[in-house]
Every structure is written in C-alpha cells, then in structure tokens.
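Heads up, the sequence shown is in this note's numbering, so the first residue is 865 and it goes up one at a time. A virtual CB, placed ideally from N, CA and C, is assigned to each residue, including glycine. Source: prediction; values computed, not measured.
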Amino acid sequence: MKVAVLGYGVVGVGVYEMLGKAQGLEQGPVLVRPGKADAPFKVTSIEEICADPSVGAVAEVMGGVSPAFEYAAAALKAGKHFVTSNKALVAAKGVELKALAEENGVAFLFSAACGGGVPFLHNLSLARRSDRIQSLGGILNGTTNYMLDAMQRLGMDYGQALADAQRLGYAEADPTADVSGLDALRKIMLACAVAYDRLPTEGLLNEGIENITAADVAHFRGRGYTCRLLARGGQNPDGSVYAFVEPVLLREGAAECSVLENYNLARYEGACAGPMVFIGQGAGRWPTASAVLRDLSCILQGQRAMLGESCRQAKADNAALEQLYYVRLPEAFAGRLEAESAETENGVARLITKPMSVLKMHGLAREIRAAGGELFFASIGG
Ligand SMILES: NC(=O)c1ccc[n+]([C@@H]2O[C@H](COP(=O)([O-])OP(=O)(O)OC[C@H]3O[C@@H](n4cnc5c(N)ncnc54)[C@H](OP(=O)(O)O)[C@@H]3O)[C@@H](O)[C@H]2O)c1
C-alpha cells in the first residue's frame, strides 16, 4: 500500500523513512507548504494526492485542527485510509472523521496521538471489544514527567526543570499545553472515546504543574510520596464518563514512581484482564513514527476503526469520584476546605483534605485563585 504523508517535520521525516523499509508499505508523495517542494517526492497540493489512484492511505503528521481536518476529510472522501498522530485533530473532530471513514468504507486510526510509541490505544481498542474497561490513564505527557522527576530526584526548582526540559528539546518554547495538563487531557479524551464510545468534550478538568514549588516537593518527599501528573478516565455507574488530569502523590512502589525522565506510562484495567501497564517513549521522531507505521500495518491486516460505530461526543461527569487531596495555600484561605490534618508555617497552610469529589476540588481551587490565593493541590493516590 502506497502511503502519502502530510507534513515533513519531526514525525513526518520518521514516517517517510520508515515507509521505505516497512513490509507491505511504500513511500508515496509528501505534502509540504508551497515553496518547500525541494525534492521530487514532495508535493504542495492535497488535491493531487487525493486524485492519485496509486495512493492507498494518507498519514497526517502536520499538527493543528485546520487545515488538517479539511485534508483528512478530502482524503477519506477520496477513498484513502487515514492515519494521524495529531491529538488536537482527533480531540476536536474525531467523531466526524469516524463517520466519514465509515461512509467511505476506509480506515481511521490514530494510536500515535496518545502515548506516542507506547502501544496503548492499539491494545485498548482490541481489549474493549471483549472486556469491560474499568478505568484508564497514566503519565501521558513526557515533558511534565521529566520536570517532576528532575524536581524530585535532582532537587531542581520549577524554573530550572523547565529550562532543562527546553534545552533537551522535550518542552516547546511555549510549554503551556504541556505544563497546564491540556496535552494530557486531549490524550485521555481519545482513550475514553476508544474505551467507552464517548468522546468527552465538555466538563473536563485539568490541573497542571505550573504551581508546584521545590518546597512542595521537599514536603511530600519527606513523607514518602512522589508526584506525577496523571490523566485519568473511566465510566461512572450511570454510564457517563469521567476524565480529568491532576498531579497525584504516589507511594514508593507504585509503577508510576519508577517512570523517570520523559517516559510515559499508560494503563487500563479490564474487568477480566485486570491491570495492564505500558511503559515507553511517549514522543520523539522514531517512537511516534513507529506508532503511525503500526496503524498502517494494522490496516493491511484489516483493521478499520478504533472508535465504535456508536461513538459520540459527550459531557464528562467528574462529580462522583472522591479522593483525599494535599493542598498548599495561604493560611487565610485554609478554612475553605474540610481538612483531615493541617500544618501551618509562616502563613502557609499544608492540608490533607477529607474525601472530596474531583469536581469540588478543582472548583474550589478556581475560586481561591480568583480571590487571590496561590495554591497547589495534588490528589493522594495508592
Ligand atoms: N514530535 C513528537 O514527538 C510527537 C509525538 C506524538 C504526536 N505528535 C504529533 O504529531 C504531529 C506532528 O508533530 P511534529 O513534532 O512532527 O511537528 P513539526 O516538527 O512541527 O512538523 C509539522 C510539519 O508539518 C508541516 N505543516 C504544517 N502545516 C502544514 C500545511 N498546511 N501544509 C503542509 N505542511 C504543513 C510543517 O511545516 P512548516 O515547518 O513549514 O510549518 C512541519 O514541517 C502533531 O500533531 C503532534 O502533536 C508529535
């Protein structure tokens, strides 16, 4: 099968190179911007790719929602299988792309968009056909894992850890999507869509790591905890889906604590299969390209979809799940939370809350910040 590649950046170069060596797959044209077609295999028109009967599949690795969506729609309507590594595209338009793929009898796969090289969505999409997925999630953002690990093990402060991640090419010049938790949130949206046929697009909650300090890390390190940014999803008893991202304090021995530097860990728990854990490179040219190639190989073997026929957009409901939280905030605001224990020093309170819902904790944090209170919180995990 000849594969056209849209975008020739970090991942695009990797996909094109791998296509040259993969079984059953062939290098096709590569779409670049006008003025950048400096080799015979590069083209500048999506129409040319769609009209080429020798192209069987299109791999989109450009990023962004538009024009990626319009190009994807054109490729699907032209009867080309479509594979993407673009989480922003699938989070925004996944349900529409699924419908277009079904209408045109072609495939739509996107396992590189969540977990990079880690074969998480691929296995989840197989498992959910025969097992009930009870929960899913994990460390889905390598940049923030690198930073938290550097703060925890190397004693860096937040600014040093971010600068180091940028120097190593793990964090973008604008790291907002990573440190705010948005990148991990998009990935858990995709995982929920694969597992539950619900793509949650409203009611989502994400707390990143922008507010963590070296003093927070020292505090919970002294108590035997390691902090990780976890994305979590699952199904409530009424069938609705929960989906959120927040820092979590974990006891030594939890698998997440041994995930160092920029690695990812994704997990799901099947009612029959039990817990399944996947660890690997969540980003980078070759790991991500390898996931795109894996999807293309799955198409050769007959796979057509990762989203079920009934998949639709839905509102996440984060009100049911209750947890304990560690909260650091100005003493003046401490009375806003019901605490199980509290320590106060120099006007700063560090609380362990009574069990409270994810929805309530994230809402209170918003209110306290709006009133001028600086705050960091993390749930207390197993
Ligand atoms: N990098 C990773 O490790 C990684 C991991 C998992 C998923 N992803 C996802 O993979 C996608 C690509 O990431 P990347 O790191 O490879 O990005 P990148 O290095 O910025 O490459 C994107 C390429 O697409 C080109 N492009 C953008 N819009 C285009 C258009 N309208 N027409 C033609 N070419 C266009 C860009 O060209 P210009 O340079 O001219 O703008 C650039 O060469 C993103 O969705 C990203 O989220 C990346």
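7 Å or more divides the Cβ of L1113 from the Cβ of I913. Within the region 899–938, the complete beta strand (DSSP E) runs of at least 3 residues fall at 919–924.
C-alpha of C1162 to C-alpha of I1073: approximately 36 Å in a straight line. The region 1168–1176 makes contact with the region 1046–1065; the number of CB pairs closer than 8 Å reaches 3 or more.
When secondary structure is reduced to three states using DSSP, I1076 falls in the coil class, being assigned neither helix nor strand. The region 971–991 makes contact with the region 949–959: 3 or more CB pairs, one atom from each, lie closer than 8 Å. Judged by their CB atoms, A1130 and F984 are nearer to each other than the 7 Å cut-off. Using a cutoff of 6 Å, the CB of N950 counts as near ligand 1, since one of the ligand's heavy atoms is closer than that.
For the 7 Å CB-CB criterion, S1122 and G981 do not form a contact.
With a 10 Å radius around the Cβ and a threshold of 16 neighbouring Cβ atoms, S909 comes out exposed. Per DSSP, reduced to three states, the secondary structure at V1105 is strand.
Sequence-distant partners of L1000 (beyond 5 residues in either direction) whose C-beta falls short of 8 Å from its own C-beta, in its chain, are L988, I1052, A1055, C1056, A1059, R1096, G1097, G1098, A1130, R1131, Y1132, E1133. Looking only at I1076, N1070, M1140, the smallest Cα-Cα distance to A991 is reached by M1140. Secondary structure note for K885: it is in no beta strand (DSSP E), with a DSSP letter that is neither H nor E.
For R1050, the three-state secondary structure derived from DSSP is helix. The region 1010–1028 makes contact with the region 1079–1093: 3 or more CB pairs, one atom from each, lie closer than 8 Å.
By the neighbour-count criterion, in which a residue is buried when 16 or more other Cβ atoms sit within 10 angstroms of its Cβ, G878 is buried. The closest heavy atom of ligand 1 lies 6 Å or more from the beta carbon of G981. In the three-state reduction of the DSSP assignment, L1129 falls in the strand class.
In this structure, L1223 and V1191 do not form a Cβ contact; the two beta carbons are roughly 15 Å apart against a cut-off of 8 Å. According to DSSP, L1164 shares a beta bridge with no other residue. When H945, D902, L1193 are compared, the shortest CA-CA separation from S918 is found for H945. Between the alpha carbons of E1209 and G1002 lies a distance of about 33 Å.
Between L1157 and A886, the C-beta gap is smaller than 7 Å, which places the two residues in contact. Taking T1007 as reference, the option from N1128, E890, I997, V1081 with the minimal CA-CA separation is N1128.
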